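Each residue of the sequence shown is one higher than the one before, starting from 56 at the first, in our numbering. Heads up: the structure comes next, in structure tokens.
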Amino acid sequence: MKSLEGKIAIVGGASRGAGRGIALALGDAGATVYVAARTTRGGPKPSDGAPGTVEDTAEEVTRRGGVGIAAPADLGDEAQVAALFEHAGRVDLVVNAAWAGNLVDSWHKRFWDLEPDLYRETARSVDSYWWMSVYAARMMRRQKHGLIVHVTDNLYPDPHADREQVLYDFGHEALNRLITCMSRDAKKAGFAIVGLNPGFMRTERVLMHMKNEELRKQFRFDLSESPEYIGRAAVALAADPNAARRSGELLWVCDLAEQYGFTDVDGRRIPRFDPTAPICEAGLAF
Numbered sequence: 056m057k058s059l060e061g062k063i064a065i066v067g068g069a070s071r072g073a074g075r076g077i078a079l080a081l082g083d084a085g086a087t088v089y090v091a092a093r094t095t096r097g098g099p100k101p102s103d104g105a106p107g108t109v110e111d112t113a114e115e116v117t118r119r120g121g122v123g124i125a126a127p128a129d130l131g132d133e134a135q136v137a138a139l140f141e142h143a144g145r146v147d148l149v150v151n152a153a154w155a156g157n158l159v160d161s162w163h164k165r166f167w168d169l170e171p172d173l174y175r176e177t178a179r180s181v182d183s184y185w186w187m188s189v190y191a192a193r194m195m196r197r198q199k200h201g202l203i204v205h206v207t208d209n210l211y212p213d214p215h216a217d218r219e220q221v222l223y224d225f226g227h228e229a230l231n232r233l234i235t236c237m238s239r240d241a242k243k244a245g246f247a248i249v250g251l252n253p254g255f256m257r258t259e260r261v262l263m264h265m266k267n268e269e270l271r272k273q274f275r276f277d278l279s280e281s282p283e284y285i286g287r288a289a290v291a292l293a294a295d296p297n298a299a300r301r302s303g304e305l306l307w308v309c310d311l312a313e314q315y316g317f318t319d320v321d322g323r324r325i326p327r328f329d330p331t332a333p334i335c336e337a338g339l340a341f
């Protein structure tokens with residue numbers, strides 16, 4: 056029997072990126088996965104043309120041995136989140152990796168020169184974490200069990216350092232405070248909320264921008280990890296009967312890999328991302 060067979064999960068932002076990697080790892084573990092995101096095969100595509108749809112991910116979840124259910128939804132809209140949870144009926148694991156604004160192309164712009172929609176998209180991303188938490192909590196409180204995992208960015212070693220891009224910084228600071236504060240009520244009600252930090256992931260958008268060897272060397276592509284590495288971390292937490300003790304913590308994928316003994320898809324156990332680490336003699340393998 057697979058470790059999460061019979062478990063029901065909702066994964067937000069699962070058309071691409073970390074959300075897709077998490078959904079696929081849950082499929083490997085035998086879970087039923089509601090693949091929730093805005094991008095569908097028949098709907099509008101992201102402005103930068105990034106690939107991925109809820110249908111693509113759901114089909115791959117099923118192919119890997121889980122049950123993938125495409126669930127098109129704008130997770131920043133309370134009514135759509137409510138309908139998603141009502142349709143699921145029961146949920147053991149909720150993961151949110153939904154981040155609406157594409158900040159990559161605007162990373163070094165001054166805040167007053169940013170496109171107006173970027174602020175609205177960032178705020179809507181925070182909305183998605185709020186509504187996913189609220190509706191998951193209402194269900195998990197009745198069940199007296201469950202785990203909510205929010206994909207985030209907790210700066211190390213100084214959690215209050217500047218993330219360089221104002222909206223990225225604002226969004227993740229807000230998210231990390233939500234995780235910390237929500238966990239107090241969650242603990243009392245019998246379920247858990249944690250934050251989960253990946254390293255430098257080879258997401259679809261990262262691959263779109265890493266167009267040559269010079270860029271890959273500059274950004275230390277040799278130290279990158281697949282989006283399924285964070286997926287395996289989510290699986291390990293969901294399968295751990297004692298995961299509730301971690302409620303309120305901002306966890307790192309690399310630390311969980313050491314604790315639970317999993318690796319990335321290429322067999323590596325990738326440490327915490329350090330752009331100053333020596334370049335390996337084997338060169339850039341990806």
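All C-beta atoms in this analysis are idealised placements derived from N, C-alpha and C, irrespective of residue type, glycine included. A quick note: this is a predicted structure, and the numbers were derived from the prediction, not measured.
Less than 8 Å between the beta carbons of residue i and residue j, yes or no?
i	j	result
residue 248	residue 286	no
residue 157	residue 101	yes
residue 128	residue 289	no
residue 205	residue 234	yes
residue 209	residue 250	yes
residue 67	residue 119	no
residue 187	residue 136	yes
residue 230	residue 181	yes
residue 275	residue 330	yes
residue 90	residue 124	yes
residue 58	residue 84	yes
residue 222	residue 255	no
residue 258	residue 282	yes
residue 169	residue 292	no
residue 213	residue 224	no
Grouping DSSP H, G and I as helix and E and B as strand, with all else coil, what is residue i?
i	result
residue 63	strand
residue 226	helix
residue 148	strand
residue 202	strand
residue 324	coil
residue 275	coil
residue 23	Past the edges of the chain, shown from 56 to 341, lies residue 23, and the structure says nothing about it.
residue 349	The structure shown does not extend to residue 349, since the chain spans only 56 to 341, so no value can be given for it.
residue 154	coil
residue 209	coil
residue 113	helix
residue 242	helix
residue 262	helix
residue 98	coil
Tell me the residue span of the beta strand (DSSP E) that contains residue i.
i	result
residue 251	247–252
residue 305	305–307
If you compare alpha carbons, which of the options is closest to residue i?
i	options	result
residue 69	115, 293, 193, 327	115
residue 111	75, 267, 62	75
residue 252	151, 221, 160	151
residue 324	284, 178, 197, 180	284
residue 108	117, 98, 94	94
residue 146	194, 104, 314	194
residue 96	300, 295, 316, 71	71
residue 131	123, 155, 113	155
residue 133	119, 183, 176	183
residue 160	87, 103, 171	103
residue 246	227, 92, 191, 313	191
residue 207	88, 238, 328, 227	227
residue 176	162, 164, 153, 163	153
residue 88	138, 143, 56	143
Could you tell me which residues DSSP puts in a beta bridge with residue i?
i	result
residue 125	90
residue 256	280
Hey, quick one: how far does the alpha helix (DSSP H) through residue i stretch, first residue to last?
i	result
residue 163	Run containing residue 163: none; DSSP gives neither H nor E here.
residue 170	Residue 170 -> no alpha helix (DSSP H), and no H or E assigned at all.
residue 79	72–83
residue 220	That residue, residue 220, is in no alpha helix (DSSP H); it is neither H nor E in DSSP.
residue 138	133–143
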